[in-house]
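*Asks:* Once you've had a glance at the structure underneath, I'll fire off some questions.
In the UniProt record's numbering, the protein residues as written are 1 to 133.
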(Lines of atoms letter the chains of each structure in order from A; the text may use other names.)
(Lines give C-alpha, C1' and ligand atoms only; values in the text may rest on other atoms or scores of the structure.)
Protein backbone atom coordinates (compact mmCIF):
# COMPACT_ATOMS: atom_id res chain seq x y z
CA UNK A 1 0.00 0.00 0.00
CA UNK A 2 1.20 3.50 -0.82
CA UNK A 3 -0.09 6.69 0.75
CA UNK A 4 0.31 10.00 -1.01
CA UNK A 5 -0.48 13.15 0.94
CA UNK A 6 -1.26 16.42 -0.80
CA UNK A 7 -1.45 19.68 1.12
CA UNK A 8 -1.93 23.29 0.19
CA UNK A 9 -4.08 26.34 0.61
CA UNK A 10 -7.72 26.51 -0.41
CA UNK A 11 -7.99 26.58 -4.18
CA UNK A 12 -4.37 25.55 -4.77
CA UNK A 13 -5.25 22.43 -6.80
CA UNK A 14 -5.16 19.61 -4.23
CA UNK A 15 -8.30 17.95 -5.60
CA UNK A 16 -7.18 18.51 -9.19
CA UNK A 17 -3.85 16.80 -8.47
CA UNK A 18 -5.62 13.95 -6.66
CA UNK A 19 -8.02 13.53 -9.59
CA UNK A 20 -5.04 13.27 -11.95
CA UNK A 21 -3.51 10.52 -9.77
CA UNK A 22 -6.89 8.77 -9.70
CA UNK A 23 -7.18 8.97 -13.49
CA UNK A 24 -3.73 7.48 -14.01
CA UNK A 25 -4.61 4.61 -11.67
CA UNK A 26 -8.00 4.00 -13.30
CA UNK A 27 -6.18 3.44 -16.59
CA UNK A 28 -3.38 1.41 -14.97
CA UNK A 29 -5.87 -1.04 -13.42
CA UNK A 30 -8.04 -1.27 -16.57
CA UNK A 31 -11.08 0.39 -15.04
CA UNK A 32 -10.82 3.02 -17.76
CA UNK A 33 -9.55 1.55 -21.01
CA UNK A 34 -9.58 4.74 -23.05
CA UNK A 35 -8.54 8.08 -21.63
CA UNK A 36 -9.27 10.63 -18.96
CA UNK A 37 -9.05 14.37 -18.75
CA UNK A 38 -9.09 16.96 -16.02
CA UNK A 39 -11.88 19.45 -16.66
CA UNK A 40 -11.45 23.21 -16.14
CA UNK A 41 -13.22 22.85 -12.76
CA UNK A 42 -10.62 20.26 -11.68
CA UNK A 43 -13.00 17.31 -11.92
CA UNK A 44 -12.07 14.03 -13.57
CA UNK A 45 -13.80 13.03 -16.81
CA UNK A 46 -13.37 9.52 -18.24
CA UNK A 47 -13.96 8.06 -21.70
CA UNK A 48 -15.40 4.72 -20.53
CA UNK A 49 -15.78 2.22 -17.69
CA UNK A 50 -14.28 -1.18 -18.46
CA UNK A 51 -14.49 -0.32 -22.17
CA UNK A 52 -18.18 0.61 -22.03
CA UNK A 53 -18.67 4.17 -23.26
CA UNK A 54 -22.03 4.38 -21.44
CA UNK A 55 -19.90 5.10 -18.37
CA UNK A 56 -18.16 8.11 -19.88
CA UNK A 57 -18.37 11.53 -18.27
CA UNK A 58 -17.48 13.27 -15.05
CA UNK A 59 -16.77 11.12 -11.99
CA UNK A 60 -18.21 12.65 -8.83
CA UNK A 61 -16.45 11.29 -5.77
CA UNK A 62 -18.08 13.67 -3.30
CA UNK A 63 -21.60 12.31 -3.41
CA UNK A 64 -22.65 8.66 -3.30
CA UNK A 65 -25.90 6.80 -3.64
CA UNK A 66 -26.11 3.32 -2.17
CA UNK A 67 -25.55 1.88 -5.65
CA UNK A 68 -22.58 4.08 -6.57
CA UNK A 69 -20.99 3.53 -3.15
CA UNK A 70 -21.08 -0.24 -3.70
CA UNK A 71 -19.57 0.24 -7.18
CA UNK A 72 -16.66 2.34 -5.85
CA UNK A 73 -16.04 -0.15 -3.03
CA UNK A 74 -15.92 -3.10 -5.42
CA UNK A 75 -14.19 -1.62 -8.46
CA UNK A 76 -11.98 1.32 -7.50
CA UNK A 77 -11.19 1.52 -3.79
CA UNK A 78 -9.28 -1.77 -3.66
CA UNK A 79 -6.72 -0.01 -5.89
CA UNK A 80 -6.93 3.72 -5.17
CA UNK A 81 -9.01 5.86 -2.82
CA UNK A 82 -9.05 9.58 -2.19
CA UNK A 83 -9.50 10.84 1.34
CA UNK A 84 -10.26 14.39 2.33
CA UNK A 85 -9.88 15.53 5.91
CA UNK A 86 -12.84 17.86 5.43
CA UNK A 87 -15.28 15.22 4.14
CA UNK A 88 -16.36 13.85 7.55
CA UNK A 89 -16.94 17.41 8.79
CA UNK A 90 -18.92 18.30 5.68
CA UNK A 91 -21.02 15.13 6.01
CA UNK A 92 -21.71 15.96 9.66
CA UNK A 93 -22.85 19.44 8.66
CA UNK A 94 -25.23 17.98 6.07
CA UNK A 95 -26.54 15.15 8.27
CA UNK A 96 -26.90 16.99 11.57
CA UNK A 97 -27.08 20.68 10.74
CA UNK A 98 -29.12 20.31 7.56
CA UNK A 99 -26.73 22.04 5.17
CA UNK A 100 -27.11 21.19 1.49
CA UNK A 101 -24.56 19.33 -0.62
CA UNK A 102 -23.86 22.59 -2.48
CA UNK A 103 -23.21 24.49 0.76
CA UNK A 104 -20.52 21.96 1.68
CA UNK A 105 -19.04 20.88 -1.65
CA UNK A 106 -20.12 23.57 -4.11
CA UNK A 107 -18.52 26.71 -5.44
CA UNK A 108 -17.29 29.42 -3.09
CA UNK A 109 -20.51 31.36 -3.71
CA UNK A 110 -22.59 28.29 -2.81
CA UNK A 111 -20.48 27.59 0.28
CA UNK A 112 -20.92 31.19 1.44
CA UNK A 113 -24.73 31.24 1.25
CA UNK A 114 -26.59 32.05 4.45
CA UNK A 115 -28.04 29.20 6.47
CA UNK A 116 -30.78 28.99 9.05
CA UNK A 117 -28.09 28.62 11.72
CA UNK A 118 -27.04 31.59 13.82
CA UNK A 119 -24.02 31.70 16.09
CA UNK A 120 -26.01 33.23 18.96
CA UNK A 121 -28.50 30.33 18.81
CA UNK A 122 -25.84 27.64 19.27
CA UNK A 123 -26.17 25.81 22.60
CA UNK A 124 -23.27 26.30 24.96
CA UNK A 125 -21.82 29.19 22.98
CA UNK A 126 -20.69 32.14 25.04
CA UNK A 127 -20.88 35.32 23.03
CA UNK A 128 -19.01 38.58 23.54
CA UNK A 129 -21.83 40.26 25.51
CA UNK A 130 -21.75 37.54 28.19
CA UNK A 131 -17.98 37.79 28.48
CA UNK A 132 -18.17 41.58 28.85
CA UNK A 133 -20.51 41.35 31.88
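Beta carbons are placed, not taken as given, at the ideal position from N, Cα and C, and that holds for glycine. Source: prediction; values computed, not measured.
Is DSSP giving residue 52 helix, strand or coil here?
*Replies:* The residue given as residue 52 occupies position 52 in the chain shown. Residue 52: strand per DSSP, three-state reduction.
*Asks:* Counting Cβ pairs, one atom from each stretch, are 3 or more of them under 8 angstroms apart for the stretch 48-57 and the stretch 24-37?
*Replies:* Touching, yes.
*Asks:* Is the beta carbon of residue 45 closer than 8 angstroms to that of residue 57?
*Replies:* Numbered from 1 along the chain shown, position 57 holds the residue referred to as residue 57. Numbered from 1 along the chain shown, position 45 holds the residue referred to as residue 45. Cβ atoms of residue 57 and residue 45: closer than 8 angstroms.
*Asks:* Following the continuous alpha helix (DSSP H) through residue 67, name the residue where it begins and the one where it ends.
*Replies:* The residue given as residue 67 occupies position 67 in the chain shown. It spans 66-75 - the alpha helix (DSSP H) in which residue 67 sits, taken as one unbroken run.
*Asks:* Run through DSSP, which three-state label would residue 87 get?
*Replies:* Your numbering for residue 87 matches position 87 in the chain shown. Three-state DSSP puts residue 87 in a helix.
*Asks:* Where do the N-terminal and C-terminal ends of the beta strand (DSSP E) with residue 37 fall, by residue?
*Replies:* Counted from its first residue, the chain shown places residue 37 at position 37. Counting along the chain, the beta strand (DSSP E) containing residue 37 begins and ends at 36-38.
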